Amino acid sequence: MTIAAFGEVMLRLTVPEHLMLEQTDQLQMSYTGTGVNILASLAHFGHATSLISALPDNRLGRTAAGALRRLGVSDRFVQFRGDHLGSFFVELGFGNRPETVTYQNRLASAFGTSSEHDYPFGASLADVNLLHICGISLSLTAGTREAAFNYAEQAAKRAIPVCFDFNYRVALNHNNSHDQMKGYYERILQRSSIVFGSRRDLTDLLGYPQDRDDESLFAQFVAQHHLTAFAGTRRLTHDGRDYIQGFLCDASGVYWSDQQEVMILDRIGGGDAYAAGILHGLLERWPVSRTLPFAVANAALAHAQIGDSPLATTDQVEAFIANHGVTGALVR
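According to the numbering used here, the sequence shown is numbered sequentially starting from -19.
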């Protein structure tokens, strides 16, 4: 079984030792992106994964492709074109200081300047059992947007389920009106069967009523778009401690996980870890009662590592669950 993802690769530059940019002249490099993170996690769960993307045709692009392979993600359908890779700087938070992300120009990247003409749709979808498309591809450029639409259409023709992640970013849409973006999202949702998002995506972007409770909103969304599942998380704080809670809505109703306390070393990538956990449960045909705790545990473990791409194995996630989420244990 192979899971493919269409989306961008970015260069992450992390300031070490919880310092700020002004305090260092050293940075740690890694390669990331929503599709990269989800596929890396699924690869660690034993699935075959493949990224469909574009990287610069230079040593930076080849190094990024090597990083994908080290994560267990096939780069067979990564195109090499152009000379730029989008990047961002991460200053890790500590105590009262929040984690800070500063983006550099991703619109001019090899992926951002690509179009539907750059991708081998038939070959890259052969033998694929699930296709993930990140919503950021709808925001970047007309080229990435049309490629995403085409991939959704081609997957539908081949009866390949499409997993779509809202990932809506207002900062990326200065040149797109709200109505335009709503139309783009509604178009791709017509071809989607599994969707990751939040209440805010439904109310603020798609225009669902604000005064409805989560359960009725999610159920309406699933029924209206004939989805297999709609899933996401919400963050909570109690007495200065951080918690996450996951939900999954399908045709039978809305299910919530228990609240899981998280010790946050790095905030980025937790949502992708949760999505990977949900997809793993769905692919393995687990009941919701097993899938939700697994996904939340994977997200909690992702928060406890530096870097976007979740690296926990199935055994590590299940051990975390068996230990009731207690952190700080020593494993020999």
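The C-beta atom is built at its ideal place from N, Cα and C for all residues, glycine as well. Being a predicted model, the structure only gives us computed values, none of them experimental.
- Counting the other Cβ atoms within 10 Å of the Cβ of Asp191 gives fewer than 16, which makes it exposed.
- Taken through DSSP and simplified to helix, strand or coil, Gln8 comes out as strand.
- Counting only the Cα atoms, Asp288 lies some 20 Å from Ala151.
- Of the candidates Glu(-3), His260, Thr12 and Thr14, the residue whose Cα lies closest to the Cα of Gln6 is Glu(-3).
- Proximity to Gln59 across Arg265, Glu79 and Gly92 peaks at Gly92, based on C-alpha coordinates.
- One alpha carbon belongs to Glu133, the other to Glu126, and they sit about 10 Å apart.
- Listed as beta-bridge partners of Trp266 by DSSP are no residues whatsoever.
- In this structure the segment 256 to 272 does not lie against the segment -11 to 3, because fewer than three pairs of beta carbons, one per stretch, are closer than 8 Å.
- Contact holds between the segment 62 to 81 and the segment 244 to 263, because three or more Cβ pairs, one in each stretch, are under 8 Å apart.
- Per DSSP, the continuous beta strand (DSSP E) segment holding Glu71 begins and ends at Ser67 to Glu71.
- Sequence-distant Cβ neighbours of Thr82 in its own chain, meaning closer than 7 Å and more than five residues away, are Phe68 and Phe69.
- Note on Thr121: 16 or more other CB atoms within 10 angstroms of its CB, so buried under the neighbour-count rule.
- If one requires a minimum length of 3 residues, the beta strand (DSSP E) runs lying completely within the segment 186 to 258 are 209 to 218, 221 to 230 and 233 to 236, in chain order.
- Shown here for Ala255: same chain residues with a beta carbon closer than 6 Å to its own, the five before and five after excluded, namely Ile18 and Phe176 in chain order.
- For Ala106, the closest C-alpha among the options Thr(-18), Pro290, Arg49 and His27 is that of Thr(-18).
- The distance from the Cβ of Ile174 to that of Ala209 is about 5 Å, consistent with a contact at the 8 Å cut-off.
- In the structure shown, Leu31 falls within a strand segment according to DSSP collapsed to helix, strand and coil.
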